[in-house]
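J.: Here it is, the structure in full.
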Amino acid sequence: MKNSWESWSEQRVADFQQVFLKWYEEEHRNLPWRADQNPYRIWISEIMLQQTRVDTVIGYFYRFMERFPTIQALAQAEDEVLLKTWEGLGYYSRARNLKIAAQQIVEKFDGKMPGNLADIQSLKGIGPYTSGAIASIAFGLPEPAIDGNVMRVTSRLFEIDADIAKSSSRKIFDEAMRKIISHEFPGEFNQAMMDLGSAICTPTSPSCNICPIQSFCVSYAEGTQLHFPVKSKKMKAKPMYYLAFAAKDEDGAYYLEQRPDTGLLANMWTFPLVEVSKERYTELSQHSEHGLNKEFSLPNEIAETVWQTKPTGEITHIFSHLKWHILVYEGIKQAREDFTVAESLEKYNENNVRWVTGTDFQTLVFPKPQIKMWDLLKKHSDKITDYQS
Ligand code: SF4
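Shown next, in the form of structure tokens:
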């Protein structure tokens, strides 16, 4: 059987493009990275927009551009400053890949974003969606930029029943998009798809009554909008259970550890985290407990801490494949006779642990779960006021 886009005549494609581009011209959102066709700004915005809402990205985008106004500046960025600028956006590998790609551009492409698809795709962290966005918006190449929004719109427009959770389906959407993309205004066309998907053709309640392409939409005509896109169930994120030990000294400084330089949340700073079974986690969340120091092997420097018998609260955080449940215990560190403050600071700074005070909040990089823990503790303390830059 023919796919429905294959039966579209050239005239129908032209009519579709005209209606769609006119709508975009009149209704498009004014976003800071749309002010010109600067490939650097488009690249950064598209990476930030992965997994993050437009409203949230705008503030991050301005701050990022202020700190790293050029590809050269990004290539030379200090890791700590780069990650601090990214703090709160999550998926920190995106920020690390940006810097590596910027270095590739400086070394191989004379400091300028290359203008063809193969070279753009050779850069670290740039996949088919981002390369399509850069190629079409910055360089006017008729390349589709296919993300979840675009697959939703396209699947409804043509009643495409390919499973969008499978990577093998991508070529079907690619084919459909290549049939309808404007060769004259490919960047505007792709951005119109993005805007339509996020504002009108939304997942659960598409606003078909105000949709500019309603008269072309097969699922609208059939009343099957909510049957598309077809998506097989994702594997559930695996639950993991942790206790976080937030030890505070008499000056209100908190004890934090830097995570190893590989693996999840590499190099970032968190309270000491101890993994526990689901059963123990449930018990601890429901009952007051004494003797936490004996039960869990905590770092020497906080081993004498007097912990609250009940946790301050719980936070959860979902990574793509894991769901962390964290009970947060706050405690007051007891002075130890065998350490002077100067000795302990020297020793612990060397070992990637630190008593964190207000000034450190401006330089250390905290992952999202730690920010949630700060938020939780902030509700119970007036000392934590400035952990975000
Ligand atoms: S008519 Fe409805 S289902 Fe079709 S593209 Fe527009 S909003 Fe989506």
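With the numbering used here applied, the sequence shown covers 1 to 389. Using N, Cα and C, we set each Cβ at its ideal position, and we do this for glycine too. Small disclaimer: the values here were computed from a predicted structure and weren't measured.
Ends of the alpha helix (DSSP H) at L21?
T.: Position 21 of the sequence shown, counted from the first residue, corresponds to residue 21. That run of the alpha helix (DSSP H) goes E10 to E27.
J.: Below 8 Å on the Cβ atoms is my guess for P144 versus V19; work out the distance and round it to an integer in Å.
T.: Within the sequence shown, numbered from 1, the residue matching residue 144 stands at position 144. Within the sequence shown, numbered from 1, the residue matching residue 19 stands at position 19. About 19 Å; that fails the 8 Å criterion.
J.: Short of 8 Å in beta carbon distance, which residues of its chain neighbour V106, apart from the five on each side in sequence? Order them along the chain.
T.: The residue you call residue 106 lines up with position 106 of the sequence shown. Hits under 8 Å: I71, Q72 and A75.
J.: Using 8 Å for Cβ pairs, my map puts Y60 next to L89. What's the rounded Cβ distance?
T.: Looking up residue 60 in the sequence shown gives position 60. Looking up residue 89 in the sequence shown gives position 89. Confirmed, Cβ separation roughly 6 Å.
J.: I'd like to know whether the C-beta atoms of Q191 and P206 end up nearer to each other than 7 Å.
T.: Taking the sequence shown and counting its residues from 1, the one referred to as residue 191 is at position 191. Taking the sequence shown and counting its residues from 1, the one referred to as residue 206 is at position 206. Contact: no.
J.: W8 to I200, Cα distance in whole Å?
T.: To locate residue 8, count along the sequence shown from 1; it is residue 8. To locate residue 200, count along the sequence shown from 1; it is residue 200. Rounded to the nearest angstrom, the two C-alpha atoms are 23 Å apart.
J.: Mind checking whether the beta-carbon of Y281 lies closer than 6 Å to any heavy atom of ligand 1?
T.: On the sequence shown, position 281 is the one that residue 281 refers to. Y281 Cβ: outside cutoff for every heavy atom of ligand 1.
J.: Please return the same chain residues whose Cβ sits closer than 8 Å to the Cβ of D195, not counting the five positions on each side in sequence.
T.: Translated into the one-based positions of the sequence shown, residue 195 becomes position 195. Taken in chain order, the residues that qualify are Y24, E27, H28 and R29.
J.: When burial is assigned at 16 or more other CB atoms within 10 Å of the CB, is R41 buried or exposed?
T.: Walking along the sequence shown from the start, residue 41 turns up at place 41. Result: buried.
J.: Answer yes or no: the CB of R67 versus the heavy atoms of ligand 1, is any distance below 6 Å?
T.: Looking up residue 67 in the sequence shown gives position 67. Incorrect: R67 has no Cβ contact closer than 6 Å to ligand 1.
J.: Look at the alpha carbon of M151 and the alpha carbon of D36, and state the distance between them as a whole number of angstroms.
T.: Here the question's residue 151 lines up with position 151 in the sequence shown. Here the question's residue 36 lines up with position 36 in the sequence shown. Distance between the alpha carbons of M151 and D36: 26 Å.
J.: For N38, tell me which candidate among S167, D161 and G140 has the shortest Cα-Cα distance.
T.: Walking along the sequence shown from the start, residue 38 turns up at place 38. Nearest option by C-alpha distance: G140.
J.: Is the beta carbon of L273 sitting closer than 7 Å to the one on Y242?
T.: The sequence position of residue 273 within the sequence shown is 273, counting from 1. The sequence position of residue 242 within the sequence shown is 242, counting from 1. Yes, they are a contact pair.
J.: Which of the three DSSP states is assigned to D386 in this structure?
T.: Sequence index remark: in the sequence shown, residue 386 carries index 386 (1-based). Reliability of the predicted coordinates at D386 is poor, the pLDDT of 48 falling under 50, and no value is obtained from them.
J.: Inspect the beta-carbon positions of A165 and K231 and report whether they are closer than 7 Å.
T.: Start at 1 with the first residue of the sequence shown, and residue 165 comes out as number 165. Start at 1 with the first residue of the sequence shown, and residue 231 comes out as number 231. Closer than 7 Å, so yes.
J.: Assuming L377 contacts T312 under a Cβ cut-off of 8 Å, what Cβ separation, rounded to an integer in Å, is found between them?
T.: Translated into positions along the sequence shown, residue 377 becomes position 377. Translated into positions along the sequence shown, residue 312 becomes position 312. With a Cβ gap of about 6 Å, L377 and T312 count as contacting.
J.: Helix or strand or just coil, what does DSSP make of Y329?
T.: Residue 329 sits at position 329 when you count from the first residue of the sequence shown. In the structure shown, Y329 sits in a strand (DSSP, three-state: E or B).
J.: Buried or exposed, going by whether 16 or more other CB atoms sit within 10 Å of the CB of M373?
T.: The residue you call residue 373 lines up with position 373 of the sequence shown. The residue in question, M373, is buried, as its Cβ has 16 or more Cβ neighbours within 10 Å.
J.: Sort R96, S155, A253 and S288 by Cα distance to K171 and report the nearest one.
T.: By 1-based counting over the sequence shown, the position of residue 171 is 171. Of R96, S155, A253 and S288, the residue nearest in Cα terms is S155.
J.: Report yes or no: do three or more beta-carbon pairs, one from the region 348-368 and one from the region 254-271, lie closer than 8 Å?
T.: Counting Cβ pairs under 8 Å, three or more are found: they touch.
J.: Where M65 and F319 are concerned, what is the direct C-alpha to C-alpha distance, given to the nearest angstrom?
T.: Translated into positions along the sequence shown, residue 65 becomes position 65. Translated into positions along the sequence shown, residue 319 becomes position 319. Distance between the alpha carbons of M65 and F319: 27 Å.
J.: Cα separation between F16 and P229?
T.: To locate residue 16, count along the sequence shown from 1; it is residue 16. To locate residue 229, count along the sequence shown from 1; it is residue 229. Straight-line Cα distance between these residues: approximately 21 Å.
J.: Provide the residue span of the beta strand (DSSP E) that contains G252, from first to last.
T.: Taking the first residue of the sequence shown as 1, we reach residue 252 at position 252. Per DSSP, G252 belongs to no beta strand (DSSP E) and is neither H nor E.
J.: From the DSSP output, read off the bridge partner residues of R354.
T.: The residue you call residue 354 lines up with position 354 of the sequence shown. Bridge partners of R354: L256.
J.: Assuming A133 and L117 form a contact by the criterion Cβ under 8 Å, report the distance between their Cβ atoms to the nearest whole angstrom.
T.: In the sequence shown, residue 133 corresponds to position 133, counting from 1. In the sequence shown, residue 117 corresponds to position 117, counting from 1. Between L117 and A133 the Cβ distance is about 11 Å, and since that is not below 8 Å, they are no contact.
J.: Looking at C-alpha atoms only, which residue of D261, I302, S182 and F296 is the closest neighbour of E250?
T.: Walking along the sequence shown from the start, residue 250 turns up at place 250. E250 has its Cα closest to that of I302, out of D261, I302, S182 and F296.
J.: Closer than 7 Å from C-beta to any heavy atom of ligand 1: which residues, in chain order?
T.: So the residues near ligand 1 by this Cβ test are V153, R156, L157, L196, I200, C201, P206, S207, C208, C211, I213, Q214, C217, S219, Y220 and Q225.
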